[in-house]
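Engineer: For what it's worth, the numbering used here labels the leading residue of the sequence shown as 149, then goes sequentially.
Could you have a look at this structure, given as structure tokens, before my questions?
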Amino acid sequence: MAGPTALPLPGPGFEARKSKILEQLAVPDAEYSDASPKGTVDVGIRPLLAKVNATTGFVTTSSCAGRVSVFVEGRKTATAQQQAESGADDDDAGAEDNVDGPLGMVQPASTQTVAGLGGKGGGGTWLYVSHDPHPLVGQGVVVDWVKELGISAGQGDYASLLDTTGGSGDGSGSDSERRLIHFKFEPMILHVLTASHAHAQLLLRCALHAGFRESGAVSLLSSSTEPAMPIVAVRSMGLSFESLLGYAEEDGRRRRLTVSPGYLDMLMAIGHERFAENAKRIRRFEAAFEEATRAPGPRRNADGEEWEDAAARRERMRAEGLRRKAARQAEGKAEERQADINLTDTMME
149 MAGPTALPLP
159 GPGFEARKSK
169 ILEQLAVPDA
179 EYSDASPKGT
189 VDVGIRPLLA
199 KVNATTGFVT
209 TSSCAGRVSV
219 FVEGRKTATA
229 QQQAESGADD
239 DDAGAEDNVD
249 GPLGMVQPAS
259 TQTVAGLGGK
269 GGGGTWLYVS
279 HDPHPLVGQG
289 VVVDWVKELG
299 ISAGQGDYAS
309 LLDTTGGSGD
319 GSGSDSERRL
329 IHFKFEPMIL
339 HVLTASHAHA
349 QLLLRCALHA
359 GFRESGAVSL
369 LSSSTEPAMP
379 IVAVRSMGLS
389 FESLLGYAEE
399 DGRRRRLTVS
409 PGYLDMLMAI
419 GHERFAENAK
429 RIRRFEAAFE
439 EATRAPGPRR
449 NADGEEWEDA
459 AARRERMRAE
469 GLRRKAARQA
479 EGKAEERQAD
489 INLTDTMME
């Protein structure tokens, strides 16, 4: 990873936007709310956000430290009334919806008429969301994941929820009326508004170096009134994974599972491993960003000493030569005085 890079000074437009965003982030936790299921900035990512926001030319607009979630997808079709109110069905919100931050970049799920291809929106329900590894994973204890993940909702134990037909059900409802239950792990995603192309390129280098391979930037073109202020998305889709656990009937209340308890154990174990790798990449990104934006120190030569140009070296060597000459002259005078003293003592004897 390269060392500190000289960056242009941010323009007034960027500084105004950054000031407004930081003002929103400074709201006390009790009063702060955003579009994420949790409604607040993740604790685990706050040190990184503080470091980015304290650096000239950068400000975070939304973030998620990484999470495991279980949710019932939304409606697959809209009612005639909903279609009339919305004008059209909504498209897929994608994998980056509901990230934490004052400038949430995607419409909240509760306001979308129809679920997208990924299941989000359309009145879907979050059953479980955690931004940290579950403390019971890997501890050698038996965990009732149906209850821990909020799947049962008072409907009974695993046996009463299991669909032994392999998902075909009892034939009383069509597939289009069912809402699938998703298990999903998503790694860190961070959106950063940057002051210039140079700032965006620096951030992308840090992200790629840390393993966030799918990072990219948008808003690269300048407007007629101000220069471009790219938004960089730091992300790594390679750590993401998703699985289906079962389905809910059309009303979303009655849930059925199509996987075994052992399968739930395996999913939580994989999520635990992904959390650990995600944390490593966040630390690498934070270290790379700190190194790339650190104020440059004095230039060093091959021996690790402070570098100096030819003129400075000549002046230093001249000064050292004069000091050595003065020291020799002083030493010679001292020897002459000592010789005179010795001669005087001899004559007196």
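For every residue, glycine included, the Cβ atom is placed at its ideal position computed from N, Cα and C.
The structure presented is a predicted model; accordingly, all values stated were derived computationally and were not measured.
Is the Cβ-Cβ distance between histidine 347 and proline 378 less than 9 Å?
Structural biologist: Yes, they are a contact pair.
Engineer: I'd like to confirm the pairing. Which residues does DSSP put opposite tyrosine 395 in its beta bridges?
Structural biologist: Bridge partners of tyrosine 395: Leu328, Arg404.
Engineer: Rounded C-beta distance between threonine 208 and asparagine 201? I'm assuming under 8 Å.
Structural biologist: Confirmed, Cβ separation roughly 6 Å.
Engineer: Note down, in chain order, each residue of its chain lying with its Cβ closer than 6 Å to the Cβ of glycine 271, except the 5 sequence neighbours on either side.
Structural biologist: Only Gly222, Arg223 meet the Cβ criterion.
Engineer: Rounded C-beta distance between leucine 392 and glutamate 425? I'm assuming under 8 Å.
Structural biologist: 23 Å between Cβ atoms; not a contact.
Engineer: Can you tell me which of the three DSSP states phenylalanine 360 falls into?
Structural biologist: Residue state, collapsed to three classes: coil.
Engineer: Give the secondary structure of valine 207 by DSSP, where H, G and I count as helix, E and B as strand, and everything else as coil.
Structural biologist: Valine 207 falls in the strand class under three-state DSSP.
Engineer: Quick check: what's the CA-CA separation for serine 363 versus alanine 355?
Structural biologist: For serine 363 and alanine 355, the distance between alpha carbons rounds to 7 Å.
Engineer: Just verifying my parser: in three-state terms, what is the DSSP assignment at valine 191?
Structural biologist: In this structure, valine 191 counts as helix in the three-state DSSP scheme.
Engineer: Less than 9 Å between the C-beta atoms of methionine 336 and isoleucine 430, yes or no?
Structural biologist: Result yes, Cβ atoms of methionine 336 and isoleucine 430 sit closer than 9 Å.
Engineer: Between which residues of its own chain and phenylalanine 389 is the CB-CB distance below 6 Å, once the five residues before and five after are set aside?
Structural biologist: So the list reads Phe333, once near-sequence residues are dropped.
Engineer: If we call anything under 9 Å between Cβ atoms a contact, is valine 285 one with methionine 385?
Structural biologist: For valine 285 and methionine 385, no; Cβs fall outside 9 Å.
Engineer: Valine 220: beta carbon under 8 Å from a heavy atom of the ligand MG?
Structural biologist: The ligand MG is not among the ligands present in this structure, which contains no ligands whatsoever.
Engineer: Following the continuous beta strand (DSSP E) through serine 217, name the residue where it begins and the one where it ends.
Structural biologist: It spans 215-220 - the beta strand (DSSP E) in which serine 217 sits, taken as one unbroken run.
Engineer: Look up lysine 166 in the DSSP assignment and say whether it is helix, strand or coil.
Structural biologist: Note: lysine 166 maps to helix in three-state DSSP.
Engineer: Would you check if the distance between the CB atom of histidine 282 and the CB atom of valine 291 is smaller than 9 Å?
Structural biologist: Result yes, Cβ atoms of histidine 282 and valine 291 sit closer than 9 Å.
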